[in-house]
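Here the sequence shown is numbered in my numbering, starting from 4 and rising by one per residue.
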Amino acid sequence: MTQRRKAIYRDGKLELRNPCDLPQGAEVDVLIVSEGSTPPEETDPSRRRQLAADLVQRMRTQPLLPTAPRLTRDELHDRR
Numbered sequence: 004m005t006q007r008r009k010a011i012y013r014d015g016k017l018e019l020r021n022p023c024d025l026p027q028g029a030e031v032d033v034l035i036v037s038e039g040s041t042p043p044e045e046t047d048p049s050r051r052r053q054l055a056a057d058l059v060q061r062m063r064t065q066p067l068l069p070t071a072p073r074l075t076r077d078e079l080h081d082r083r
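Right, here's the structure in full:
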């Protein structure tokens, strides 16, 4: 069973914002996904625009080959 819940990390423990319907003492796997974002390595706006334009240009001039392998959703997200 998979449930998605938000939690607050406080005093070394995760506190769920809403209760869940698990039996007391149930063991679960937890995947931590922080909602914060990492700051960009390049902070100069004009340089960032140039990097983005360069990337788009490379994508246009070097498209994927028709024979390139097609990945499944699970392969793209490394799910097993």
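By construction, the Cβ of each residue, glycine as well, lies at the ideal position given by its N, Cα and C atoms. On a predicted model such as this, the values are computed, not experimentally measured, just so you know.
Three-state secondary structure (DSSP) of residue i
i	result
glutamate 78	helix
leucine 67	coil
arginine 51	helix
arginine 8	coil
arginine 13	strand
valine 36	coil
Residue i to residue j span [Cα, whole Å]
i	j	result
glutamine 65	glutamate 18	48 Å
arginine 50	methionine 62	18 Å
arginine 8	arginine 76	23 Å
Extent of the continuous beta strand (DSSP E) to which residue i belongs
i	result
glutamate 18	16-19
For residue j and residue i, believed in contact at Cβ under 8 Å, the rounded distance
i	j	result
leucine 58	glutamate 45	Their Cβ separation, rounded to whole angstroms, is 12 Å, which puts leucine 58 and glutamate 45 out of contact at 8 Å.
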